[in-house]
Structures are given as structure tokens and as C-alpha cells.
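Undergrad: Protein sequences, first through last, are from chains A, B and C.
For the working numbering, count along the first sequence from 1 and bump the result up by 14.
For the working numbering, count along the second sequence from 1 and bump the result up by 782.
For the working numbering, count along the third sequence from 1 and bump the result up by 12.
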Amino acid sequence: MTSQPIIRFDNVTMQYDGDDAVLSDVSFEIEPGKFYTLLGPSGCGKTTILRLIAGFIQPSKGDIYLNGQRINGVPANKRQVNTVFQDYALFPHLNVYENVAFGLRVKKLKQAVIDEKVKEALRFVNLTGYENREIREMSGGQRQRVAIARAIVNEPEVLLLDEPLSALDLKLRTEMQSELRELQRRLGITFIFVTHDQEEALAMSDEIFVLNKGRIEQSGTPTDIYDEPINRFVADFIGESNILPGVMIRDYYVEFAGRSFDCMDGGFHPNEQVEVVIRPEDLEITAAGAGKLQIRVDSQLFRGVHYEITGHDESGNRWLVHSTRKVRVGEEIGLDFDPEAIHIMRFGETEEEFDKRIEAFTEVGDEN
Amino acid sequence: MSRTSKGKWAWSNLYLIAVFVVLYAPILYLVYYSFNSGGTMHGYDGFTLEWYGEVFSDTRLLIIVLNTFVIALFSSAISTALGVVGALAIHKVRSLRAKNALLSFNNVLIVNPDVVIGASFLILFTIVGLKLGFGSVLISHIAFSVPIVVLMVLPKLQEMNPALIDAARDLGANGWDVLSKVVLPFIKPGIFAGFFMALTYSLDDFAVTFFVTGNGFSTLSVEIYSRARQGVSLSINALSTLLFLFTIALVIGYYLINRRGGRIVEAGARP
Amino acid sequence: MRTSARNYYLVPYVAWIALFVVAPIVLIVYYSFQDIEGNWSLGNYAHFFTPVYMRMTLSSFWYALLITFFSLLIAYPTAFLLTRAKHKQLWLLLIILPSWVNLLLKAYAFIGLFGTYGAANAFLEAVGIGRQQILFTDFSFVFVSVYIFIPFMLLPVFNSLEELNPSLVQAARDLGASPWTTFRRVVFPLTIGGVKSGCQAVFIPALSLFMITRLIAGNRVITLGTAIEQHFLVTQDWGMGATIAVFLVIVMAVIMVVTGQRRKGARG
Chain A
15 MTSQPIIRFD NVTMQYDGDD AVLSDVSFEI EPGKFYTLLG PSGCGKTTIL RLIAGFIQPS
75 KGDIYLNGQR INGVPANKRQ VNTVFQDYAL FPHLNVYENV AFGLRVKKLK QAVIDEKVKE
135 ALRFVNLTGY ENREIREMSG GQRQRVAIAR AIVNEPEVLL LDEPLSALDL KLRTEMQSEL
195 RELQRRLGIT FIFVTHDQEE ALAMSDEIFV LNKGRIEQSG TPTDIYDEPI NRFVADFIGE
255 SNILPGVMIR DYYVEFAGRS FDCMDGGFHP NEQVEVVIRP EDLEITAAGA GKLQIRVDSQ
315 LFRGVHYEIT GHDESGNRWL VHSTRKVRVG EEIGLDFDPE AIHIMRFGET EEEFDKRIEA
375 FTEVGDEN
Chain B
783 MSRTSKGKWA WSNLYLIAVF VVLYAPILYL VYYSFNSGGT MHGYDGFTLE WYGEVFSDTR
843 LLIIVLNTFV IALFSSAIST ALGVVGALAI HKVRSLRAKN ALLSFNNVLI VNPDVVIGAS
903 FLILFTIVGL KLGFGSVLIS HIAFSVPIVV LMVLPKLQEM NPALIDAARD LGANGWDVLS
963 KVVLPFIKPG IFAGFFMALT YSLDDFAVTF FVTGNGFSTL SVEIYSRARQ GVSLSINALS
1023 TLLFLFTIAL VIGYYLINRR GGRIVEAGAR P
Chain C
13 MRTSARNYYL VPYVAWIALF VVAPIVLIVY YSFQDIEGNW SLGNYAHFFT PVYMRMTLSS
73 FWYALLITFF SLLIAYPTAF LLTRAKHKQL WLLLIILPSW VNLLLKAYAF IGLFGTYGAA
133 NAFLEAVGIG RQQILFTDFS FVFVSVYIFI PFMLLPVFNS LEELNPSLVQ AARDLGASPW
193 TTFRRVVFPL TIGGVKSGCQ AVFIPALSLF MITRLIAGNR VITLGTAIEQ HFLVTQDWGM
253 GATIAVFLVI VMAVIMVVTG QRRKGARG
């Protein structure tokens, strides 16, 4: 059952005078109660989307709906959404309690109500007892929690998070990732999370929107996007990959690196030029001569959980392999992989076309 | 601290102390002779409080002191309000060119020689038909204090993370809430610094006031000038001592407020 | 489009600019073209370019230069030593404190100090030089002016020295520069901005002093400032006074533009 989207963008374009569009003709729907991530490199327009939802800026073209109501022109202070800012934007002249109480005070709620709600929100983020602390006395992680408490105390329908973890160190960031995810489950409201960190996006989200140059390149669950990137940008941006030119000789049969392989993709023209993606962890190292491909090892780095090995094949393609097996630089090794590990991308295919092809092709497959 | 030798250290401190002594000598000289029963600024004859008595029995002088403070307080309060508005205006302007133009206009009264300001205000008031006196002096002091307040407040505004305003809006604050609950509290140290600067500028001003004061009305600076031109009178010394103590109190107040707000804002007086 | 809320704050502020910045300058310019009877004339300018006023202008500039030079000479080392001193903020405050004492009082103090029987002469006599006429000389004028302007020079220089990254000095030393070379090649060039704004803060007011000339120099020195005061308040020849004021405004603008542009260039 699909419920009514809580947020809908209808062909939204955002353009500042004279400049190129920051966002061009973007449409999407956000369902209630899910964790969404807007993922992309800096300048891709992800923060712009967030600011459009928050109401800090208004779209140049197109419409934005919140709960089915068009909200173009509604100022930020009149929208039932709240934001956790990148650098938290906590008010330095107010203590923790007053920061959290800010939104309630401007709504002129009774002191008793404010008191109760602030306490509740602070309990939610495990900051009970910190009410009278000054902001400058709080650590980065604690500030993060104050910022979250300050936002959720207003009971927003949508919580917007603008790269809230980017200022934290790695360990704290990983901790906060699961905490945020847990928080979203407990609150049951929609989170829209902006990040440029693909690992963060994969770890936390129900749905990911991959953005590039003001457009949504691909959207879907983390596994969809990781396993079936629709183009080179997505494949490259999400995780690490070997991307090689190839020719789709016929459906389920692809040629690359000078050889032909069985694969699981179809719906192509015969002999169509394509790009082939194989994730480095899907490659298995075998003895030289065995396996489907032979490469010579150029470098090896120990990454803790695995070795990161680079090498090249006879046709000069560079290969990246993640393996727990140690090799020697200069050594000849074999690579083995399953047909499932091969993912084929059509040049210039949009997400819509991709979905259509997959659908048509699956139907055909079913009939067979 | 990279002091290579002890000798260097001594010389540098000696130099500082010498500068320090020269800077304070005239003031202490005034204070010292304010207790001189001899009646001149040389030849100390003996201790007396006579000149202080004279100051406190000189009604005309006391009224002038009162005038000076009334002018200073009113002008700095009003110019602080105007200056804060001005700083907000400049801060809000997006175009860099317009911003720079406004700043240049702002700075004209700061770099313009006092004599020119005084003379031009005199013309202005005469053309408008404003009678010279309390009103003209007050307006002049407000006018020349506004740009200082702007310069004190503007850096604070620029220091403020713009996301704070977004955050306040996001939490439901309207324009007035944003101003009163976020912006003004944030720039408070700048506002105080501006107010104090305006106060000292007003108390210290001589040249502009001299032009626009007219006949019946006088401020301390103008009064001291006219008395000093007639020669030495130790009641001026007594008055200086009192003013010096007051200045120190003011500076300590300013220092305390500023220390709370961060570093010392560069400050100086008008010539 | 960005929500461009109207900038209502501009209204009172621009009104202030119009009334007290633009209008007075326009009026000054207007008056400079009026003769004493209120007719349009270029007479004031013709008069300004006669030897009497030219000599006055030159001597004004000369004194202002002297005052600026000596202020810098004393203020720069002071600021330099201050940045290295312990408790430098306290020292700085102590050095600025006298500048907050009413200017007139300080000038008045020098009347006593430099007087025939004042402390300065007592000192000279004790040293064996004997009494001198100190008050009402060029020396006393420059001395008192420098005394008054030192804080104006000191603050900008101090601030620029404070902004100087200390590792630059260490880098210069590390690369083999002597302390003097380090100062000449690294410290001074990097603080030239502060020196410029200090010179600006001293030179312009020094051009237009009139109170000190009257009290300390005893009308021996006539600066442009004194002339303006004379014309406006004594001889009531506003046109001539306005003409000199226009000249000062132009000088000020030129100085501002020159120092402003250079600073921009130095940063880029």
C-alpha cells in the first residue's frame, strides 16, 4: 500500500539570476515515515533541495507540495518541517535548555508545557541533566544531539538533516549513524538526510537519491543502487568499481577485456556498445592460469579488512580487487567472478528508461 | 616568547616604560598641581582642596558638566540605535558594490577633519534655521557618532553564522523574533562597544562642538578651551582630576564589558 | 528566486547619510563658490591660489608630515615591543587610556609643563642648559601634536603586528635571515597596511588642527584648520572658509583612495 506522499516536487527548477540552474526540472515523491538520503558531490543541488523544503528559498519554477498542499511561497517559520544544520547553528548566547525551548517560546507555549517538552526531547537524545550547560561547553557529539533535540521538540512531520555528521570524527560519526537511524525508527517521522558520504548513505537509508549537477541520477534502496547503478557516475560515486567498455553481443552474453562472458542482463540491441561494472569485492583471486581473466599485480595496500590490489590485464584495462588473500607485486594472478557479478550499463540511459527496460525485459523473461 | 638575551628584554621594557611615562606625565602633572595651594602650575606650595571647592561652588561650570553629560548620554543612546539600524541595513544589502558604497559614505564622517565637519554642520544648521545651542550640539554629536557605532556593530554581524537566522526561522520565529531573540543578543557586545565609543567621542569632542555651540550653550571641552586661553587656573586642574577618575571608571567598565564579549575592540579618541 | 525581503533598515540610515554626510559636503562646495555678498564667484579659489594661502597650505602639509613621521617613529617600536610583552592587552589599555582623557585637558597640561617656570624648564635648568622659550614654538606644537596622535598610529600598527603569523618570522629566521633582515623583508612589508592606516589616521587630522595651534603654538603656526576656524567664526567669510574646507575634503578623498587601493593590491 502506498500512502500519500508527504513531500512532492513537481518539475522544480532552482536558478539564481544569470547563473546556471542549481536544480533542473526535478520531480520526486517522499513517503512518510522513511529515512531518505540525498547523496551527491558538493554542488550537486542536494542542499538546495533541503533548503527548498525548509522554505529558506523558493523555487524558480515548479511546485512543492507538503501533505498534498502546495507550499511555494510559504515562509520557513510557517512550515511543519525542522532542520538540523550542518554546523548545528546552535544559538551561542543561549544554554542547552533555551536552545531546545526556542521554537516553543516563539510559539508562545505555556512555561509548564515548554518545560515538559524540552525535558522529553533531551531525554530522547540522552542529554538529561545538561539543561543548564552553555553550548561552548558541549562536545561536538553533544552539540549534535542538542541540535536534534531542538528540531524534534517541535514535532515536525519531516526532519531535514544537512550533513549533520560531517564535523564529527570517524568513530563518533559511525556511532551517530546508528543512533540517528534508531531515532528515526522511534519517532516514526520522515528524515531527509543530506550527505556526500556514500558509505553513510548506504548504511542509514531506506531510500537514496543520487544527485549530480542539479539532477537526480538514480533513486532506490541502497542495495538497488549499489548493485544496479544506471550509469558511470552512480557506479563510480557509490562504492568502488571496475568500469570497462564492452559489447553486448546478445542478451545475457557480453564481451569485454578481449573475452566473452555470460551475464544476467538483457534488453539490449545486438552488438550494442555498453559499459560493464564489476565491484572489486566480487572478484576472486585464483592461481595464475586459472579463473576467467589474467592480470598482473601493480600494487597492493593493506586496508585492514582486506587487501586493495590493483593490476592490469593483457588489453591494458586497470583492475581493482578487494581480497583477503595476499599477493606479490609483479605476480601474475587469475580472476574469477560469477555472471551475477557483471552489471551492464547502457550509455545515456535515464532512470526512467532503465526501469522500463528492466520491467519489459523481466516480463519477457517470465514468459520464457 | 623568543627573547634571546636578558639585556634585550630590559631595553624593550625600558622603552615601553619611557613611552608610558611621557604619556602619563601631563595628566599626572595636572593632578599633582590640582592640590597646590600656590595657585600656579609650578612651585608646589602646599596641599589644598581649595580648587575642588571652587569647582563644586562654580554653578556655571557644574551646569556645563551636566550639559556635557546629558548631551553625551542622549547622543550616544540615539546614535547607538541609529548605528545598529545602519549596520543591519549594510549587512542586509547583498550587492557588494552597494555595500562598499554605503561603507564609504559611512566612513566620510570618521575620516573627515573635525573642522570641516564643524564648519559644514554650521552651514547646515544655519540654512535649515536651527538655533545654535543644545539642539544643534546634540544633533551634531548624534551625526558623528553614528558611523562609529556602525563600525563597531558590523563585524559582530559578519561574525554571526547566517545559519543561525535560518535556524530561528526554521523553528518558527518571525522577523521580529529573529531580530530580538537571535540577532540583537548576538551583537550585544558590539552594541555596547559602540555605545561606549559614542559616549567617549561625545565627551571628548571639541572641534565640532566649538562650531555649532552658539553663544548661550557650552560643553566642557569648549569651556576648558576658553578658560585655558585666558591662562592657568587650578580649578581646571581639579576638574581634570575628577574627569580623569571618571574616565578611568568608564574605561574599566568598557574593558569589563568587552572582556565578556571577547577581545578588546580597538578604540581611540578624536583629536 | 531568493525571498528578497525589503531592507527597511535602509530608510533611517540613508536619511542620516543624506542629511549629515551628503548635504554638508554639498553645502560646503556651494558656499565655496559664493563671495562674501552671496554672489556666485570663483574669487575664493583665485584667492586660495595666492602665495599667502599657498604658503599656509605648504606649511600645513609640512607640519602634518612631521607629526605623522614622528608619531610613526615612536609608535612603531612601541607597538612592536607591545606585541612581545607579557600582559600585552593590559599594556595596550594603559597606553590608550590617556587618549580617552579630554584632549583639551592634555593640551592645557602642556601649557603648565612647557611654561616658563614649568617642569620642562626646571629640568633644563637642572641639566645646565638653562631656561628656554618652549611654549609657543614650532617644537612645542609638533611635540604636543605627536603626543596626542600616538595612540592613533599605535593601534593600527599594533593590530597589523598582531595579525602577523609568528611562524612567518620563524620561517625567515629558519631560512637564515638576521633579525634586522627579518624585520625589513618580512615584518615591515606585512604590516605596511597598519602603517598606512595609522598615517591616514594621523595625517588628515594633523592637517586641520586648530585648537593646539591656538593654545600651544600661540598662533605662530597657522594650519588650514586654523584658517577655516578663523574664517567661519572670526572674520565670518564663510565662502573662503568653505573653499579651504573643500580643499581638505579633496585631500582626504585622495588619501583615502590611494591608501585604500594599495591595501587591496597588497592583499591580492
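Glycine included, every Cβ here is placed at the ideal spot set by N, Cα and C.
1) Hey, is Lys121/A's beta-carbon within less than 8 Å of any beta-carbon in chain B?
2) If you follow the beta strand (DSSP E) that Asp350/A is in, where does it begin and where does it stop?
3) Note down, in chain order, all residues in the region 987-1001 of chain B with a beta-carbon under 8 Å from any beta-carbon belonging to chain C.
4) What residues match up with Ile44/A in a beta bridge as DSSP calls it?
5) Counting only C-beta atoms, is Trp250/C closer than 8 Å to chain B at any point?
6) For the region 90-104 of chain A, which residues have a CB atom closer than 9 Å to at least one CB atom of chain B, in sequence order?
7) Check whether the Cβ atoms of Val248/A and Gln232/A lie closer than 8 Å to each other.
8) Going by DSSP, which residues form a beta bridge with Asp241/A?
9) Report yes or no: is there a C-beta of chain B within less than 8 Å of the C-beta of Ile234/C?
10) Starting from the Cα of Gln1012/B, find the closest Cα among Ser220/C, Ile228/C and Gln182/C and give me that residue.
11) DSSP three-state call for Asp39/A: helix, strand or coil?
12) Am I right that Leu904/B and Phe988/B are in contact with their C-beta atoms under 8 Å? What's the rounded C-beta distance?
13) Taking its Cβ as the centre, do 16 or more other Cβ atoms sit within 10 Å of Met152/A, making it buried, or is it exposed?
14) Name, please, each residue of chain B whose Cβ falls closer than 9 Å to the Cβ of Arg164/A.
15) Give the C-beta separation of Thr51/A and Asp176/A to the nearest angstrom, bearing in mind that I take them to be a contact with Cβ-Cβ under 8 Å.
16) Can you give me the Cβ contacts of Met942/B inside the same chain, cut-off strictly under 6 Å, excluding the 5 residues immediately before and after it?
17) On a CA-only basis, which of Ala213/C, Arg226/C, Ser53/C and Glu174/C is nearest Leu94/C? Give me that one, please.
18) Where does Lys75/A fall in DSSP's three states?
19) Taking the alpha helix (DSSP H) that His923/B belongs to, which residues open and close that run?
20) In the DSSP assignment, what are the bridge partners of Thr830/B?
21) Contact between the region 33-52 of chain C and the region 246-256 of chain C is defined here as three or more beta-carbon pairs at a separation below 8 Å; is this criterion met?
22) Answer yes or no: do Gly127/C and Tyr811/B have a C-beta to C-beta separation smaller than 8 Å?
23) Output the distance between the C-alpha atoms of Asn331/A and His320/A, rounded to the nearest integer angstrom.
24) Residues of chain B with CB under 9 Å from Ala68/A, in chain order?
25) Mapping the DSSP letters down to three states, classify Gly305/A as helix, strand or coil.
26) So, for Gly379/A: in the same chain, excluding its five sequence neighbours on each side, which residues have a beta-carbon less than 8 Å away from its beta-carbon?
27) Examine chain B for any beta-carbon lying closer than 8 Å to the beta-carbon of Leu22/C, and answer yes or no.
28) Chain B partners of Gly330/A, CB-CB under 9 Å?
29) Compare the C-beta of Leu981/B against all C-beta atoms of chain C and say whether one is closer than 8 Å.
30) Please check if any C-beta of chain C sits within less than 8 Å of the C-beta of Asp827/B.
31) Who are the neighbours of Asn168/A on chain B, taking C-beta pairs under 8 Å?
32) Compile a chain-ordered list of the residues in the region 963-978 of chain B whose CB is closer than 9 Å to at least one CB of chain A.
33) Where Leu115/C and Asp986/B are concerned, what is the direct C-alpha to C-alpha distance, given to the nearest angstrom?
34) Check the Cβ of Ser1109/B against every Cβ in chain C and list those closer than 9 Å, keeping chain order.
35) Within its chain, find whatever has a CB closer than 8 Å to the CB of Ile263/A; leave out the 5 residues flanking it on each side and keep chain order.
36) Less than 8 Å separating the beta-carbons of Ile63/A and Leu37/A?
TA: Looking at the atomic coordinates:
1) yes
2) Glu346 to Asp350
3) Phe988, Ala989, Phe992 and Phe993
4) Ile21/A
5) yes
6) Ala90, Asn91, Lys92, Arg93, Val95, Asn96, Thr97, Phe99, Gln100, Asp101, Tyr102, Ala103 and Leu104
7) yes
8) Answer is none; Asp241/A lacks a bridge partner.
9) no
10) Ile228/C
11) strand
12) Wrong, their Cβ atoms sit about 15 Å apart, outside the cutoff.
13) buried
14) Ala949 and Leu953
15) Actually they are not in contact, since the Cβ atoms of Thr51/A and Asp176/A sit about 12 Å apart, beyond 8 Å.
16) Phe968
17) Glu174/C
18) strand
19) Phe916 to Glu941
20) None; Thr830/B has no bridge partner.
21) yes
22) no
23) 22 Å
24) Asp948, Arg951 and Asp952
25) coil
26) Residue confidence is low: Gly379/A scores 47 on pLDDT, short of 50, so the model does not pin down where it sits. No coordinate-derived value is stated.
27) yes
28) Neighbours of Gly330/A on chain B: none; closest Cβ ~49 Å, over 9 Å.
29) no
30) no
31) Leu953 and Gly954
32) Lys963, Val964, Pro967, Phe968 and Lys970
33) 7 Å
34) With chain B covering 783 to 1053 only, the question about residue 1109/B has no answer from this structure.
35) Glu269, Ser274, Pro284 and Asn285
36) yes
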